[in-house]
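Peer 1:
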Amino acid sequence: LGNKMEISLTNPLTWVLFYLAIGVYRNIVSYFKQKAQHRKLLEKGKQVRINRAKAFEEFMNKNRKRICSKRVESKIDECKSLTDLQKGLNAKHFTSVDLLMYYINRCYTY
């Protein structure tokens, strides 16, 4: 405790402390840069979700008349395999547009 360290350019301990201080400073700067990048990524992701929701809403508004009825939805839900879907299409229980709109709506709502 009684020893006082002399701060001079010739003292090796001065250089050690200097390099340690630079390392701490770089870590602090890096931490805040990473935090800013993370915040930007979150904002970008949020904007992507907002844009996707707007695009889907516009798509659904343009194709409102093509949304299939509950009866058609129940027919599609009854199908357990691709073969069943093909049979439903062949029997004209629903159209390919009904099927497409059903799955677009279903995928988006999950």
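Here the numbering used here is used: the first residue of the sequence shown is 53, the next is one more, and so on.
Where is the CB? At the ideal position from N, CA and C, for every residue including glycine.
1. Might you give, ordered along the chain, the residues of its own chain that have their beta carbon closer than 7 Å to the beta carbon of Y154, omitting 5 neighbours on each side?
2. To the nearest angstrom, report how far apart F146 and K87 are at their CA atoms.
3. Please list, in chain order, all residues of the same chain as N157 whose beta carbon is under 8 Å from its beta carbon, the five residues on each side excluded.
4. Do Y160 and F108 have their C-beta atoms closer together than 8 Å?
5. Which of helix, strand or coil does DSSP assign to S126?
6. Using the beta-carbon count (16 or more within 10 Å), is G97 buried or exposed?
Peer 2: This is what the structure holds:
1. In the same chain as Y154, and ignoring 5 residues on each side of it, the C-beta atoms closer than 7 Å to its own belong to C120, E125 and I128, in chain order.
2. If I take the Cα positions, the gap works out to 51 Å.
3. Same-chain partners within the cutoff: M112 and I119.
4. Annotated as proximal: Y160 and F108, with beta-carbon spacing under 8 Å.
5. Collapsing the DSSP output to three states places S126 in a helix.
6. By the neighbour-count rule (16 or more Cβ atoms within 10 Å), G97 is not buried but exposed.
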